[in-house]
Amino acid sequence: MDIITLSNNYNLYKEKLLRKRRFKYTDFCQVINKHLDKENINFSEPEFSFEGRKIFVMTYGTGETKILIFSQMHGNEPVSTEALMDFLNFLETDKNWSKKVTLIIIPLLNPDGNEKFDRRNAQGIDINRDAMTLISPEARILMKIHERFSPDFALNLHDMEPHYTSKPENLQTVLAVLAPECDEKGSLNTARKRAVKVISGIITAVKPLIPNRLAKYTDKFTPEAFGDTFMQKGTASILLETGSIFNDKERIFARKIVFLSIVKAVDLIALKGYLHSPIGTYLKLPDNEKNNAFDLKIEKLSVKSNRGDYQLDIGIRRVKKTLNDEDFADEFSDYRIVNIGDLRRFGAIKSFDGSDYVFSGNYSEIFIGQKAAFEISSTKKNEIINIKSLL
Ligand SMILES: [Zn+2]
């Protein structure tokens with residue numbers, strides 16, 4: 038499977054009914070309707086979310102190796118579902134895999150959360166922290182299907198905040214991958230080793246498209262998460278986290294990268310190409326650095342004070358409304374200064390060279406928590422910029 042050629046032909050598969058990142062459940066159902074009578078995809082009786090929305094479960098192929106693919110257990114992570122619906126279009130043209138693999142696909146596992154653009158389900162439960170207690174119907178559905186199907190592999194699709202970066206360049210991460218841990222020690226059991234090999238194959242395939250923008254997601258054993266639970270049960274679990282690049286707020290580019298990664302994963306498994314992937318490719322991947330990118334970094338801005346003038350960098354980021362730091366939230370209050378000083382080790386979605394500018398106010402107005410609504414003036418020309426206009 039040549040991923041670069043597929044990347045060039047991506048428009049053939051891109052689901053045109055899902056144009057906006059914040060799609061509604063009715064938009065999603067329109068896409069599902071398109072696939073209902075396709076011959077190589079079979080729909081089971083739908084399952085139901087807490088608020089009674091249908092959760093669709095579909096099967097492809099009759100092969101021996103079983104793969105469970107599910108997206109958007111976090112309602113505000115829709116790009117993973119968009120990429121999966123692109124993959125569905127691809128699947129309808131492909132005939133190579135149907136005798137080699139059986140896929141069960143569950144897109145949009147949390148339709149109630151998607152409707153409110155909320156990470157959690159209608160009960161306020163984080164489905165990916167509900168794999169042990171199964172309080173939510175969505176977690177019960179996923180566990181039931183996993184038990185019946187007993188898949189060899191699982192692809193668990195998420196989106197992440199845009200403020201992650203990867204070393205060494207501190208560029209925004211477009212794709213983060215993870216073979217979740219199966220115990221506290223971080224052992225490589227048989228299932229985890231298989232997952233690592235598949236991920237290594239994905240990395241090799243997509244790296245040329247996103248150099249220095251690939252990272253390994255945090256690998257702390259989380260037994261109440263599904264990836265870790267499935268791994269303990271012998272399913273090689275693969276987590277793909279859709280990131281972001283520059284100002285691509287709709288994540289059109291990252292969506293394509295995740296689509297390509299899903300195709301590559303299934304191809305590696307179906308044709309057993311993963312058996313030849315070196316595990317080191319995954320193990321050597323840089324960690325995904327949380328909150329390491331600012332929305333705006335103003336570099337080398339001059340500040341005047343009666344104790345002498347100096348230069349500093351200012352990091353500005355949108356402030357989340359949620360009180361739970363673990364939640365990826367898209368609801369923000371406003372832009373604030375979150376760091377000051379020498380900020381060279383941080384990345385930025387936008388950078389502004391402030392070396393010919395001076396802070397317009399008093400030095401004491403630059404502090405962490407300050408609203409990003411201040412002005413800077415040029416030392417070279419008659420120009421005043423309100424920082425708001427740069428955001
Ligand atoms: Zn998530």
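For our numbering, count along the sequence shown from 1 and bump the result up by 37.
Here a beta-carbon is modelled for each residue, glycine too, at the ideal position from N, C-alpha and C.
These figures come from a predicted structure and were not determined experimentally.
For the alpha helix (DSSP H) containing Met122, list its first residue and its last residue. Val116 to Leu128
Got a sec: does ligand 1 put a non-hydrogen atom nearer than 7 Å to the Cβ of Glu261? no
Is His111 a contact residue of ligand 1, with contact defined as CB to any heavy atom under 7 Å? yes
Just to confirm, are Pro144 and Met122 a CB contact at a threshold of 8 Å? yes
Evaluate contact between the segment 222 to 237 and the segment 264 to 280, counting only Cβ atoms and requiring at least three cross-stretch pairs below 8 Å. yes
Which whole-angstrom value describes the C-beta separation of Tyr62 and Asn151, a residue pair presumed to lie in contact below a C-beta threshold of 8 Å? 6 Å
Any heavy atom of ligand 1 closer than 7 Å to the beta-carbon of His195? Correct: His195 has its Cβ closer than 7 Å to ligand 1.
Please confirm whether Ser108 and Leu194 have their CB atoms less than 8 Å apart. yes
Under 8 Å by Cβ, that's how I've got Val138 and Ile306 pegged, so tell me the actual separation to the nearest angstrom. Contact flag correct, Cβ pair sits at about 6 Å.
I think Ile424 touches Ser414, with their Cβ atoms under 8 Å apart; what is that distance to the nearest whole Å? Not a contact, Cβ separation roughly 12 Å.
Opposite Lys253 in the DSSP bridges: which residues? Val214 and Asp324
DSSP beta-bridge partners for Asp390? Glu336
Going by the CB atoms, is the gap between Glu52 and Asn133 shorter than 8 Å? no
Ile413 - containing beta strand (DSSP E), residue span: Glu412 to Ser415
Tell me whether Ser401 sits in a helix, a strand or coil according to DSSP, three-state version. DSSP, reduced to helix, strand and coil, places Ser401 within a helical segment of the structure shown.
Distance check for Ser224 and Asp131, CA to CA, integer angstroms please. 36 Å
Could you tell me which whole alpha helix (DSSP H) segments of length 4 or greater appear in the segment 154 to 237? 174 to 186
Tell me whether Phe439 counts as near ligand 1, meaning its Cβ is closer than 7 Å to at least one heavy atom of that ligand. Given a span of 38 to 428 for the chain in the structure shown, any question on residue 439 remains unanswerable.
What's the C-alpha gap between Glu82 and Asp379? Straight-line spacing of the CA atoms in Glu82 and Asp379 works out to 57 Å.
From the DSSP output, which residues share a beta bridge with Val395? Ser339 and Ser414
Where does Ala302 sit, in a helix, a strand or coil, going by DSSP? helix
Anyone know if the C-beta pair for Gly280 and Ala213 falls short of 8 Å? yes
Using a Cβ-Cβ cut-off of 6 Å (strictly less than) and excluding sequence neighbours within five positions of Pro323, which residues of its own chain qualify? Ser203, Lys204 and Ala252
Identity of the residues DSSP links to Phe85 by a beta bridge: Lys91
Taking the beta carbon of Arg355 as the centre, do at least 16 other beta carbons fall within 10 Å, making it buried, or is it exposed? Arg355 counts as buried, since at least 16 other C-beta atoms from the protein chains shown sit within 10 angstroms of its C-beta.
Taking one C-beta from the segment 330 to 347 and one from the segment 379 to 398 each time, how about it: are there three or more such pairs within less than 8 Å? yes
Nearest residue (CA-CA) to Asp346, options Asn226, Val94, Ser397 and Glu412: Ser397
Is the Cβ-Cβ distance between Ile21 and Phe389 less than 8 Å? Because residue 21 is not part of the residues shown, which for the chain are 38 to 428, the question remains open.
Under the three-state DSSP convention, the category Ser314 falls into: coil
Taking only three categories from DSSP, how would you classify Ile106? Looking at Ile106 - three-state DSSP - the assignment turns out to be strand.
Can you tell me whether DSSP reads Leu246 as helix, strand or coil? helix
heavy atom of ligand 1 below 7 Å from Phe267 C-beta: No - ligand 1 has no heavy atom lying nearer than 7 Å to the Cβ of Phe267.
Does the beta-carbon of Glu82, which I'm using as the reference point, lie nearer than 7 Å to any heavy atom of ligand 1? Here the distance from the Cβ of Glu82 to the nearest heavy atom of ligand 1 is not below 7 Å.
Quick one: using the 10 Å Cβ neighbour count with 16 as the cut-off for buried, is Asp163 buried or exposed? buried
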